[in-house]
Amino acid sequence: MVQYPDGRLDASFAALSDATRRGVLERLGRGDASISDLADAFHMTLTGMRKHVGVLEHAELVTTEKVGRVRRCRLGPRRLEDETAWIEKQRRLWDARFDGLEQVVAERRRKERNDGHPKRI
Amino acid sequence: MDTQSASEATTTMDRTTIERTSEQELVVTRTIDGPRDIVFEAWTDAELFRQWWVPKSMGLKLLSCEVDARVGGGYRLTFDIGTGEPMAFFGRYLEVTPPTRLVWTNEEGDEGTVVTTVTFEDRGAGTRLVIHDLYPSKEALDEAMSSGATGWNAETFDQLDELLIKLGSSSRQ
Numbered sequence: 003m004v005q006y007p008d009g010r011l012d013a014s015f016a017a018l019s020d021a022t023r024r025g026v027l028e029r030l031g032r033g034d035a036s037i038s039d040l041a042d043a044f045h046m047t048l049t050g051m052r053k054h055v056g057v058l059e060h061a062e063l064v065t066t067e068k069v070g071r072v073r074r075c076r077l078g079p080r081r082l083e084d085e086t087a088w089i090e091k092q093r094r095l096w097d098a099r100f101d102g103l104e105q106v107v108a109e110r111r112r113k114e115r116n117d118g119h120p121k122r123i
Numbered sequence: 022m023d024t025q026s027a028s029e030a031t032t033t034m035d036r037t038t039i040e041r042t043s044e045q046e047l048v049v050t051r052t053i054d055g056p057r058d059i060v061f062e063a064w065t066d067a068e069l070f071r072q073w074w075v076p077k078s079m080g081l082k083l084l085s086c087e088v089d090a091r092v093g094g095g096y097r098l099t100f101d102i103g104t105g106e107p108m109a110f111f112g113r114y115l116e117v118t119p120p121t122r123l124v125w126t127n128e129e130g131d132e133g134t135v136v137t138t139v140t141f142e143d144r145g146a147g148t149r150l151v152i153h154d155l156y157p158s159k160e161a162l163d164e165a166m167s168s169g170a171t172g173w174n175a176e177t178f179d180q181l182d183e184l185l186i187k188l189g190s191s192s193r194q
């Protein structure tokens with residue numbers, strides 16, 4: 003089990019306890035954005051968004067960099083999920099997917115039996 | 022189906038495994054209960070495919086699903102991810118060999134094209150699936166693992182919450 007020092011953990015809890023901040027992470031997962039892009043996307047003032055980004059930055063979930071007059075935000079270096087966690091998440095996704103596939107296949111077989119004339123590829 | 026092969030099937034059915042087999046490869050395996058031709062059909066028929074590809078636990082709403090499973094044909098799925106613009110998952114079929122092999126590209130990533138090869142092996146009453154993802158580079162797979170499109174979705178956050186809660190309770194003991 004991965005252990006995080008308490009301070010970092012508390013910062014993570016605080017950062018992730020807010021729906022907007024979770025949305026910001028999700029948005030940055032799809033590409034970097036400026037504070038004003040984010041403010042627009044979440045219908046907030048620049049000041050409000052700066053505050054949210056500040057909390058995420060403190061938790062090392064986001065890094066920001068000033069490029070000219072624009073502050074660019076991107077997902078931080080901190081990997082909350084290490085490779086093992088990612089792999090496990092993917093395994094769970096595929097597991098759920100395959101369970102669904104199995105149901106679809108079972109239904110299809112029932113239908114073919116009832117129809118009495120199996121359609122094969 | 023006789024009883025012997027049915028009981029054999031139960032013992033050979035295995036659950037989902039996943040492994041990073043190299044710097045740029047990921048392999049997922051599972052044995053599905055059902056004959057190979059129907060399993061293959063469920064991967065290549067849009068109406069069937071859309072019923073299982075997006076598990077409910079992902080918390081994503083599938084908006085559209087187009088599948089043209091022929092060499093040179095493509096697929097395109099769009100999702101409502103709750104942030105306004107829909108997210109698309111799309112690519113082209115490179116090989117379609119019923120009922121044994123399916124190869125497609127996935128092209129929505131910034132880091133280049135991922136090539137997915139699915140093989141369908143006959144296992145009596147079941148079908149063993151091997152899904153092989155080849156990323157364009159080590160960096161592309163690392164990127165997918167650290168943040169990329171598959172990394173941050175509703176399920177990620179649920180699991181992140183679980184992880185944090187688990188970590189929180191273990192660090193407070």
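These protein sequence lines map, in sequence, to chains Y and P. Going by the numbering used here, the first sequence opens with residue 3, and the numbers climb by one from there. Going by the numbering used here, the second sequence opens with residue 22, and the numbers climb by one from there. For glycine and all other residues, C-beta sits at the position ideal for the given N, C-alpha and C. No experiment lies behind these values; they were computed from the predicted model shown.
At the level of alpha carbons, what is the spacing between Glu-40/P and Thr-99/P? As a working mapping, residue 40/P is identified with position 19 in the second sequence. As a working mapping, residue 99/P is identified with position 78 in the second sequence. Whole-angstrom Cα-Cα distance: 27 angstroms.
Those runs of the beta strand (DSSP E) which lie wholly inside the stretch 92-122 of chain P and span at least 3 residues: Those beta strand (DSSP E) runs which fall completely within the stretch 92-122 of chain P and span 3+ residues are 95-101 and 108-118.
Who does Ala-35/Y pair with in a DSSP beta bridge? Here residue 35/Y corresponds to residue number 33 of the first sequence, with the count starting at 1. For Ala-35/Y, which the question treats as bridged, DSSP gives the partners Cys-75/Y.
Beta bridge counterpart(s) of Phe-141/P as assigned by DSSP: Stepping through the second sequence from its first residue, residue 141/P is reached at position 120. According to DSSP, which records beta bridges pairwise, Phe-141/P is partnered with Leu-150/P.
Leaving out five residues on either side along the sequence, give the residues of the same chain with a beta carbon under 7 angstroms from the beta carbon of Leu-18/Y. Taking the first sequence and counting its residues from 1, one reaches residue 18/Y at position 16. The residues are Arg-24.
What would DSSP say about Trp-88/Y, mapped onto helix, strand or coil? Here residue 88/Y refers to the residue found at position 86 when the first sequence is read from its first residue. Residue state for Trp-88/Y is assigned as helix, using DSSP reduced to three classes.
When you compare the CB positions of Gly-50/Y and Leu-63/Y, do they come within less than 8 angstroms of one another, or not? Translated into the one-based positions of the first sequence, residue 50/Y becomes position 48. Translated into the one-based positions of the first sequence, residue 63/Y becomes position 61. With contacts defined as CB atoms closer than 8 angstroms, Gly-50/Y and Leu-63/Y fail to qualify as a contacting pair.
Listing by chain order, which chain Y residues have their CB less than 7 angstroms from the CB of Asp-101/P? By 1-based counting over the second sequence, the position of residue 101/P is 80. Near Asp-101/P there are no residues of chain Y at all, since even the closest Cβ is about 13 angstroms away, more than 7 angstroms.
Could you spell out where the beta strand (DSSP E) holding Thr-37/P opens and where it closes? On the second sequence, position 16 is the one that residue 37/P refers to. Per DSSP, Thr-37/P lies in no beta strand (DSSP E) segment and is marked neither H nor E.
Identify, in the order they occur along the chain, each residue of the same chain with its Cβ nearer than 6 angstroms to the Cβ of Val-72/Y, setting aside the five sequence neighbours on each side. Stepping through the first sequence from its first residue, residue 72/Y is reached at position 70. The residues are Ser-36.
Inter-stretch contact at 8 angstroms, needing at least 3 Cβ pairs: the stretch 127-135 of chain P / the stretch 62-79 of chain P: Contact annotation: the stretch 127-135 of chain P does not touch the stretch 62-79 of chain P, with fewer than three C-beta pairs closer than 8 angstroms.
What does a CB cutoff of less than 7 angstroms around Trp-64/P pick up in its chain, not counting 5 residues either side in sequence? Within the second sequence, residue 64/P is the residue found at index 43, counting from 1. Only Phe-70, Leu-123 and Val-139 meet the Cβ criterion.
Residues of the stretch 133-150 of chain P with Cβ closer than 9 angstroms to any Cβ of chain Y, in chain order: Of all residues in the stretch 133-150 of chain P, Thr-148 and Leu-150 have a Cβ within less than 9 angstroms of some Cβ in chain Y.
Does DSSP classify Trp-64/P as helix, strand or coil? The sequence position of residue 64/P within the second sequence is 43, counting from 1. Reduced to three states, the DSSP call for Trp-64/P is helix.
Residues in the stretch 71-89 of chain P having any Cβ partner in chain Y nearer than 9 angstroms: Cβ contacts with chain Y: Gln-72, Trp-73, Trp-74, Val-75, Pro-76, Lys-77, Ser-78 and Met-79.
What residues from chain Y crowd round Leu-69/P, counting only those whose CB sits closer than 8 angstroms? Here residue 69/P is taken as the residue at index 48 of the second sequence, counted from 1. By Cβ distance, chain Y contributes Val-106 and Arg-110.
According to DSSP, is Val-11/P part of a helix, a strand, or is it coil? Beyond the ends of chain P as shown, which are 22 and 194, falls residue 11/P; an answer cannot be given.
Pull up the distance between the alpha-carbon of Arg-113/P and that of Leu-155/P, whole angstroms please. Taking the second sequence and counting its residues from 1, one reaches residue 113/P at position 92. Taking the second sequence and counting its residues from 1, one reaches residue 155/P at position 134. C-alpha separation (whole angstroms): 15 angstroms.
Would you say Ile-37/Y faces chain P, with C-beta separation under 8 angstroms as the test? As a position in the first sequence, residue 37/Y is number 35, starting the count at 1. Taking Cβ atoms only, chain P never reaches closer than 8 angstroms to Ile-37/Y, which makes this a no.
Helix or strand or just coil, what does DSSP make of Glu-44/P? For the purposes of this step, residue 44/P is identified with residue 23 of the second sequence, where counting begins at 1. The DSSP-derived three-state label of Glu-44/P is coil.
From the DSSP output, which residues share a beta bridge with Thr-50/P? Residue 50/P sits at position 29 when you count from the first residue of the second sequence. Partner(s): Thr-38/P and Val-151/P.
Answer yes or no: do Leu-84/P and Pro-119/P have a C-beta to C-beta separation smaller than 8 angstroms? Counting from one through the second sequence, the residue named residue 84/P turns up at place 63. Counting from one through the second sequence, the residue named residue 119/P turns up at place 98. The beta carbons of Leu-84/P and Pro-119/P sit no closer together than 8 angstroms.
Determine, using beta carbons only, whether Leu-48/Y and Leu-27/Y come nearer to each other than 8 angstroms. Position 46 of the first sequence, counted from the start, is the residue given in the question as residue 48/Y. Position 25 of the first sequence, counted from the start, is the residue given in the question as residue 27/Y. By the CB criterion at 8 angstroms, Leu-48/Y and Leu-27/Y fall outside the cutoff.
Along the alpha helix (DSSP H) that carries Leu-58/Y, what are the first and last residues, could you check? Within the first sequence, numbered from 1, the residue matching residue 58/Y stands at position 56. Here the alpha helix (DSSP H) through Leu-58/Y covers 48-60.
Can you grab the Cα-Cα spacing for the pair Thr-126/P / Trp-88/Y, in whole Å? As a first step, residue 126/P is located in the second sequence; it is residue number 105 there, counting from the start. As a first step, residue 88/Y is located in the first sequence; it is residue number 86 there, counting from the start. So the alpha carbons of these two residues sit roughly 22 angstroms apart.
On the three-state DSSP scale, how would you describe Thr-134/P? Position 113 of the second sequence, counting from 1, holds the residue named residue 134/P. Collapsing the DSSP output to three states places Thr-134/P in coil.
Simplified DSSP state of Phe-84/P, which is helix, strand or coil: Mapped onto the second sequence, residue 84/P falls at position 63. The sequence shown places Leu at residue 84/P, rather than the Phe named in the question. Of the three classes helix, strand and coil, the one that applies to Leu-84/P here is strand, per DSSP.
Let me know the secondary structure DSSP gives Glu-128/P once reduced to three states. By one-based count along the second sequence, residue 128/P stands at place 107. Coil at Glu-128/P, not helix or strand.
From this set, Ile-59/P, Val-48/P, Glu-68/P and Glu-44/P, which residue's C-alpha is nearest Glu-114/Y's C-alpha? Taking the first residue of the first sequence as 1, we reach residue 114/Y at position 112. The option with the nearest alpha carbon to Glu-114/Y is Ile-59/P.
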